[in-house]
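Plus 6 on top of the position in the sequence shown (first one is 1) and you've got the working numbering.
Note that CB positions come from ideal geometry on N, CA and C, so glycine has one too.
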Amino acid sequence: MNIEHVQAVDLAITSRHSVRAFLDQPIDTQFIKDILNVACRAPSGSNTQPWKVFVVSGKKRQELIDRVCALQVEIIKQPELAQRYTAPFAYYPSTSFY
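Written as structure tokens, this is what we have:
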């Protein structure tokens, strides 16, 4: 076992924190690409890799935020609408490997 790898994982876990406020400064596109390149190698349950990533900024970002907020209000009023925005996801495989 490589002690440097263990220490890197320890540091990543112990130094993480939640952020609830953000600066209004743009983030460099290459920095975002680098983060996503690392994130796409994260493990997922049963190797399903169920994520989708969209990077939006500027006017399109605000339009998306406005739309999602408006839809949230509608879903609170009519919970059955949530089914339209729920992607099908089968976590466990339908066949057994045993």
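In this structure L42 is in contact with V59, their Cβ atoms being roughly 6 Å apart against a cut-off of 8 Å. The beta carbon of I81 is closer than 7 Å to those of L87, A88 in its chain, skipping five residues each way along the sequence. Shown here, D34 sits in coil according to DSSP, grouped into three states, outside any helix or strand. Taking C-beta atoms under 8 Å as the contact rule, V61 and I38 qualify, at a distance of about 6 Å.
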